[in-house]
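There are 2 protein chains.
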Amino acid sequence: MRRPTLEAVAARAGVSRATASRVVNGQTTVAPHIRDAVLRAIDELGYVPNSAARSLVTQRTDSIALVVSEPGTRVFSEDPMFSTAIRSASMELEAVNKQVVLMMASSAKSHARLERYISGGHVDGVMLISMHGADPLPSALSRLRVPVVSYGRPAVPVEIPYVDNDNIGGAEAGVRHLVETGRRRIATIAGPQDMIGGQDRLTGYRNVLRDSDHRSIVAVGDFTRESGAVAMRQLLRDDPELDAVFVANDLMAVGALQSLRQAGRRVPDDVAVVGFDDIEAAKYTEPPLTTLRHPVAEQAAAMVRLLLNLFEGGASEPVILPTELVIRESA
Amino acid sequence: MRRPTLEAVAARAGVSRATASRVVNGQTTVAPHIRDAVLRAIDELGYVPNSAARSLVTQRTDSIALVVSEPGTRVFSEDPMFSTAIRSASMELEAVNKQVVLMMASSAKSHARLERYISGGHVDGVMLISMHGADPLPSALSRLRVPVVSYGRPAVPVEIPYVDNDNIGGAEAGVRHLVETGRRRIATIAGPQDMIGGQDRLTGYRNVLRDSDHRSIVAVGDFTRESGAVAMRQLLRDDPELDAVFVANDLMAVGALQSLRQAGRRVPDDVAVVGFDDIEAAKYTEPPLTTLRHPVAEQAAAMVRLLLNLFEGGASEPVILPTELVIRESA
DNA sequence: ATCTCTTGAGAGAGCGCTCTCTCCACCTTC
DNA sequence: GAAGGTGGAGAGAGCGCTCTCTCAAGAGAT
Numbered sequence: 001m002r003r004p005t006l007e008a009v010a011a012r013a014g015v016s017r018a019t020a021s022r023v024v025n026g027q028t029t030v031a032p033h034i035r036d037a038v039l040r041a042i043d044e045l046g047y048v049p050n051s052a053a054r055s056l057v058t059q060r061t062d063s064i065a066l067v068v069s070e071p072g073t074r075v076f077s078e079d080p081m082f083s084t085a086i087r088s089a090s091m092e093l094e095a096v097n098k099q100v101v102l103m104m105a106s107s108a109k110s111h112a113r114l115e116r117y118i119s120g121g122h123v124d125g126v127m128l129i130s131m132h133g134a135d136p137l138p139s140a141l142s143r144l145r146v147p148v149v150s151y152g153r154p155a156v157p158v159e160i161p162y163v164d165n166d167n168i169g170g171a172e173a174g175v176r177h178l179v180e181t182g183r184r185r186i187a188t189i190a191g192p193q194d195m196i197g198g199q200d201r202l203t204g205y206r207n208v209l210r211d212s213d214h215r216s217i218v219a220v221g222d223f224t225r226e227s228g229a230v231a232m233r234q235l236l237r238d239d240p241e242l243d244a245v246f247v248a249n250d251l252m253a254v255g256a257l258q259s260l261r262q263a264g265r266r267v268p269d270d271v272a273v274v275g276f277d278d279i280e281a282a283k284y285t286e287p288p289l290t291t292l293r294h295p296v297a298e299q300a301a302a303m304v305r306l307l308l309n310l311f312e313g314g315a316s317e318p319v320i321l322p323t324e325l326v327i328r329e330s331a
Numbered sequence: 001m002r003r004p005t006l007e008a009v010a011a012r013a014g015v016s017r018a019t020a021s022r023v024v025n026g027q028t029t030v031a032p033h034i035r036d037a038v039l040r041a042i043d044e045l046g047y048v049p050n051s052a053a054r055s056l057v058t059q060r061t062d063s064i065a066l067v068v069s070e071p072g073t074r075v076f077s078e079d080p081m082f083s084t085a086i087r088s089a090s091m092e093l094e095a096v097n098k099q100v101v102l103m104m105a106s107s108a109k110s111h112a113r114l115e116r117y118i119s120g121g122h123v124d125g126v127m128l129i130s131m132h133g134a135d136p137l138p139s140a141l142s143r144l145r146v147p148v149v150s151y152g153r154p155a156v157p158v159e160i161p162y163v164d165n166d167n168i169g170g171a172e173a174g175v176r177h178l179v180e181t182g183r184r185r186i187a188t189i190a191g192p193q194d195m196i197g198g199q200d201r202l203t204g205y206r207n208v209l210r211d212s213d214h215r216s217i218v219a220v221g222d223f224t225r226e227s228g229a230v231a232m233r234q235l236l237r238d239d240p241e242l243d244a245v246f247v248a249n250d251l252m253a254v255g256a257l258q259s260l261r262q263a264g265r266r267v268p269d270d271v272a273v274v275g276f277d278d279i280e281a282a283k284y285t286e287p288p289l290t291t292l293r294h295p296v297a298e299q300a301a302a303m304v305r306l307l308l309n310l311f312e313g314g315a316s317e318p319v320i321l322p323t324e325l326v327i328r329e330s331a
């Protein structure tokens, strides 16, 4: 009891396989009454083209690998940016009838597997999300002659089109807001320095405070709540006088708020806090978080467009999307 | 400049295509020195089997659809349960060399697309995550003669193996905790009643409070923070005397905590709050949330095992995993 | 010495589809 | 009316692989 083939459709419609194929693929050189007969046969038989056979001859698969190169398991599961990006990219690709093959690249073993898979021609292109600086994946993939685009600027200088948000500009805006509201000692909890986002947001912080006396100290987290809480405790220990902290993402800011609360500091009265990302949870912290919003879904959609553009042979310029300061109560 | 084929490997190793295929597929009926020659040729040529050609003949694709049937866009992006489940399932499938094809089923249009895709033989099996009660997908897919398993019990009675956590038992434990700690008027914020998880957790609440005078009122949310905040405001308006609330998931509990704060109620002194899920954020609320933990990753892994078992022809019983009360400060 | 059995390897038929090439019928043009 | 177009449809090759069938060679049994 096998699924019907194009052959069966053709037989039922009384035409050749070639003609049936033409109808299936929407070619216009088929007379209307024949096309109707074929369509009817397709409908009656419940015919669905066999994708394996099709891609065997067309050399296309119509599927795209969405590679999530994640550091710890924690981050991926907890950071809503990931799911938003995945979801948006997925919807966008669905709209153009491409499949999304989701691949996690955590270990070196999975890297090898990934490379083999991708070079195996299973996918037409690759979208890379959030890799670390040391990640060998971008360069490895770009060597594979497979179209690759990246969500976020790759850390190593490699010729891959990417979409990123203006991390530096956003961080600058956030820190500037702290300066303008009269804060004197502005610390920061930076993200992982092997991630571009982590680096750039720290750069933005430094750009504003360079040669000023507002600067305080830097602690480094890994974008998790827990690391934010730890970093905040350390900052309070190292500079008890600080009156503001710029945190490189909202998740860490949530942790920082908790540490501040536990240390008896009032936010924003004693210490102002600015986060980054504007995740949904930022509205629900105590107090609600002032943060920098960037369009994650749009960024993912832009990445998809970039990739599709690559398929068409177009050269793709990197895209940088703006960030926006959202002022709530924490600063 | 085409990728090397099995033919090329065979030629280089001086054997027939059939023998090369035997080596690639790990058959043992090949003499060691010949096997070595083939492996060397594979290595030198960088041969990777063409999956389209392979699945054309084997009628297998080695890929599994992970269908996320989500109601609103919000929930998926923000609820960390989704990403945890997806991640866990994905890792588990990778371990057995299966691909994960991610599919979002939001609109009716995407349902049609999905059915077509799945019945098109693109995937060997389907894993369904979180559908609504009215979701026609489970029955539709089970009709397609494609192996299907579900994350969470399907709302309609359909013969699909599933893995779920003990929603009723968990809710009972949570509400019982409130009773035992002396609460008198225990309200609840229920989940969407077209989702099994929403129904069952409400059932658990009712089971404990049936025929008791502890019972208060029921508000219904949709598992988002926002809906939790709204529902809490409504509960306070309708029963200002309530001294406890059992919230059907942590996300809504976060919203509820905010509303309680805004209403000037102290937690847990005035109102005790119990959530459900034990998401990471539950540790960082003010105060930290007492909630019911259930093993999301294990649940996803069990779902994968169920599906693999189905491939082997084994009959699969539903699996119910236990929940655990995690007592923090909110109750 | 003959026969059967096992082991190892090759030949070749497809899997279901696309796409080029070919051909036929009909229409235009001089 | 013959030559040249043109649109519509079929024939058939082949995409890269697996797998059955076949066969050769050697081992063991009679």
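Protein sequence lines, in the order shown, are assigned to chains A and B. Quick note on the UniProt record's numbering: the first sequence kicks off at 1 and runs consecutively. Quick note on the UniProt record's numbering: the second sequence kicks off at 1 and runs consecutively. The C-beta atom is built at its ideal place from N, Cα and C for all residues, glycine as well.
Taking the C-alpha atoms as reference points, what is the distance between residue 140 of chain B and residue 100 of chain B? As a first step, residue 140 of chain B must be located in the second sequence, where it is residue number 140. As a first step, residue 100 of chain B must be located in the second sequence, where it is residue number 100. Whole-angstrom Cα-Cα distance: 21 angstroms.
Beta-carbon contacts of residue 128 of chain B that lie in its chain and below 6 angstroms, excluding the five residues immediately before and after: One-based indexing of the second sequence puts residue 128 of chain B at position 128. Answer for residue 128 of chain B: 67 and 150, listed in chain order.
- With 8 angstroms as the threshold, decide whether the Cβ of residue 276 of chain B is near any Cβ in chain A. Residue numbering aside, residue 276 of chain B sits at position 276 when the second sequence is read from its first letter. The Cβ of residue 276 of chain B sits no closer than 8 angstroms to any Cβ of chain A.
Check your understanding: chain B beta carbons: is any one of them nearer than 8 angstroms to that of residue 82 of chain A?
Key -> By 1-based counting over the first sequence, the position of residue 82 of chain A is 82. For residue 82 of chain A, a Cβ of chain B is located within less than 8 angstroms of the residue's own Cβ.
Notebook entry, point to check: For residue 260 of chain A, which residues does DSSP report across the bridge?
Noted result: Your numbering for residue 260 of chain A matches position 260 in the first sequence. Per DSSP, none; premise fails for residue 260 of chain A.
In whole angstroms, what is the alpha-carbon distance linking residue 91 of chain B and residue 90 of chain A?
On the second sequence, residue 91 of chain B is found 91 positions in, with the first residue counted as 1. On the first sequence, residue 90 of chain A is found 90 positions in, with the first residue counted as 1. Spanning the alpha carbons of residue 91 of chain B and residue 90 of chain A requires a straight line of approximately 19 angstroms.
Classification of residue 210 of chain A by the beta-carbon crowding that lies within 10 angstroms, buried from 16 upward: Walking along the first sequence from the start, residue 210 of chain A turns up at place 210. So residue 210 of chain A counts as exposed.
Starting from residue 163 of chain B, trace the beta strand (DSSP E) in both directions and tell me its first and last residue. Position 163 of the second sequence, counted from the start, is the residue given in the question as residue 163 of chain B. That run of the beta strand (DSSP E) goes 162-165.
*Cβ distance (whole Å) where residue 228 of chain B is taken to contact residue 189 of chain B below 8 angstroms*: The residue given as residue 228 of chain B occupies position 228 in the second sequence. The residue given as residue 189 of chain B occupies position 189 in the second sequence. About 6 angstroms; that satisfies the 8 angstroms criterion.
**Study point:** Distance CB(residue 58 of chain A)-CB(residue 38 of chain A) smaller than 8 angstroms
**Key:** The sequence position of residue 58 of chain A within the first sequence is 58, counting from 1. The sequence position of residue 38 of chain A within the first sequence is 38, counting from 1. Going by C-beta atoms, residue 58 of chain A is not nearer than 8 angstroms to residue 38 of chain A.
Closest Cβ-Cβ distance between residue 280 of chain B and chain A: below 8 angstroms?
Counting from 1 along the second sequence, the entry for residue 280 of chain B is found at position 280. Cβ-Cβ to chain A under 8 angstroms: yes for residue 280 of chain B.
DSSP state of residue 17 of chain B, grouped into three classes? In the second sequence, counting from the first residue as 1, residue 17 of chain B sits at position 17. Residue state, collapsed to three classes: helix.
### Task
Using a Cβ-Cβ cut-off of less than 7 angstroms, give me the residues of the segment 159-174 of chain A that come near chain B, in sequence order.
Taken residue by residue, none of the segment 159-174 of chain A has a beta-carbon sitting less than 7 angstroms from a beta-carbon on chain B.
With burial defined as no fewer than 16 other Cβ atoms inside 10 Å of the residue's Cβ, what is the status of residue 264 of chain A: buried or exposed? Taking the first sequence and counting its residues from 1, the one referred to as residue 264 of chain A is at position 264. Answer is exposed; the Cβ neighbour count stays below 16.
*Whose CA, out of B/144, B/56 and B/219, lies closest to the CA of residue 235 of chain B?*
To locate residue 235 of chain B, count along the second sequence from 1; it is residue 235. Measuring from the Cα of residue 235 of chain B, the nearest candidate turns out to be B/219.
TODO: Could you run through the segment 98-114 of chain A and flag, in chain order, every residue whose CB is less than 9 angstroms away from some CB of chain B?
DONE: Within the segment 98-114 of chain A, the residues whose Cβ lies closer than 9 angstroms to any Cβ of chain B are, in chain order, 99, 100, 101, 102, 103, 104, 106, 110 and 113.
One or two residues paired with residue 63 of chain A in a DSSP bridge:
Within the first sequence, residue 63 of chain A is the residue found at index 63, counting from 1. A/99.
Just to make sure I have the definition right: I need the residues of chain B whose C-beta is within less than 8 angstroms of the C-beta of residue 56 of chain A. Which are they?
Position 56 of the first sequence holds residue 56 of chain A. Simply 50, 52, 53 and 56.
| query | Any idea which residues DSSP pairs residue 127 of chain A with across the strands? | reply | For the purposes of this step, residue 127 of chain A is taken as the residue at position 127 of the first sequence. Residue 127 of chain A is bridged to A/66 and A/149.
Quiz item: Hey, does residue 205 of chain A have any beta-carbon neighbour from chain B nearer than 8 angstroms?
Solution: Stepping through the first sequence from its first residue, residue 205 of chain A is reached at position 205. The beta carbon of residue 205 of chain A does not come within 8 angstroms of any beta carbon belonging to chain B, so the residue lies off that interface.
Worksheet entry | the segment 294-306 of chain A: positions lying closer than 9 angstroms to chain B by Cβ | Flagged, chain order: 296 and 297.
*In or out: residue 280 of chain B buried (at least 16 other Cβ within 10 Å) or exposed?*
The count along the second sequence starts at 1 and reaches residue 280 of chain B at position 280. Flag for residue 280 of chain B reads buried.
Taking 8 angstroms as the CB-CB cut-off, is residue 252 of chain A touching chain B?
-> Within the first sequence, numbered from 1, the residue matching residue 252 of chain A stands at position 252. Contact of residue 252 of chain A with chain B is not assigned, every C-beta pair being separated by 8 angstroms or more.
Would a check of beta-carbon distances place residue 119 of chain B closer than 8 angstroms to chain A?
Numbered from its first residue, the second sequence carries residue 119 of chain B at position 119. So yes, residue 119 of chain B belongs to the interface.
* Asked: Rounded to a whole number of angstroms, what is the C-alpha to C-alpha distance between residue 233 of chain A and residue 290 of chain A?
  -> Counting from 1 along the first sequence, the entry for residue 233 of chain A is found at position 233. Counting from 1 along the first sequence, the entry for residue 290 of chain A is found at position 290. Pairing residue 233 of chain A with residue 290 of chain A, the inter-Cα distance amounts to about 20 angstroms.
Under three-state DSSP, which class holds residue 86 of chain B? In the second sequence, residue 86 of chain B corresponds to position 86, counting from 1. Residue 86 of chain B carries a helical assignment under DSSP once its states are collapsed to helix, strand and coil.
**Asked** If we ignore side chains and look at the alpha-carbon of each, how far apart do residue 205 of chain B and residue 160 of chain B end up?
**Response** Looking up residue 205 of chain B in the second sequence gives position 205. Looking up residue 160 of chain B in the second sequence gives position 160. Between residue 205 of chain B and residue 160 of chain B, the C-alpha separation is close to 27 angstroms.
Item to check | Listed by chain order, chain B residues near residue 286 of chain A by CB distance under 9 angstroms | outcome: By one-based count along the first sequence, residue 286 of chain A stands at place 286. The answer, in chain order, is 257, 258, 261, 285 and 286.
**Message:** Using CA atoms only, rank isn't needed, just tell me which of A/163, A/56, A/176 and A/182 is closest to residue 49 of chain B.
**Reply:** For the purposes of this step, residue 49 of chain B is taken as the residue at position 49 of the second sequence. When C-alpha distances from residue 49 of chain B are compared across A/163, A/56, A/176 and A/182, the shortest belongs to A/56.
- Query: In angstroms, rounded to a whole number, what distance separates the CA positions of residue 40 of chain A and residue 47 of chain A?
  - Reply: As a working note, residue 40 of chain A is residue 40 in the first sequence. As a working note, residue 47 of chain A is residue 47 in the first sequence. Those two C-alpha atoms are separated by around 10 angstroms.
Under 8 angstroms, with one C-beta from each stretch per pair, do the segment 242-259 of chain A and the segment 313-325 of chain A reach the 3-pair mark?
Cβ pair count under 8 angstroms is below three, so no.
message = Suppose the cutoff is 6 angstroms on Cβ atoms and the five residues either side in sequence are ignored; what does the same chain contact list for residue 203 of chain A look like?
response = As a working mapping, residue 203 of chain A is identified with position 203 in the first sequence. Answer for residue 203 of chain A: 168, listed in chain order.
- CB contact check: residue 330 of chain A to chain B, cutoff 8 angstroms: Within the first sequence, numbered from 1, the residue matching residue 330 of chain A stands at position 330. It does not; no Cβ of chain B falls within 8 angstroms.
Practice problem: Taking C-beta pairs closer than 7 angstroms, name the residues in chain B that residue 78 of chain A reaches, listed in chain order. | Solution: Counted from its first residue, the first sequence places residue 78 of chain A at position 78. For a Cβ distance threshold of 7 angstroms, residue set 80 and 280 of chain B lies close to residue 78 of chain A, ordered along the chain.
Original post:
Any idea what DSSP makes of residue 277 of chain B, helix, strand or coil?
Top reply: For the purposes of this step, residue 277 of chain B is identified with residue 277 of the second sequence, where counting begins at 1. DSSP, reduced to helix, strand and coil, places residue 277 of chain B within a strand of the structure shown.
Partners in chain B for residue 291 of chain A, counting only beta-carbon separations shorter than 8 angstroms: On the first sequence, residue 291 of chain A is found 291 positions in, with the first residue counted as 1. Going along chain B, no residue has its Cβ under 8 angstroms from residue 291 of chain A, so there is no contact; the nearest lies around 15 angstroms.
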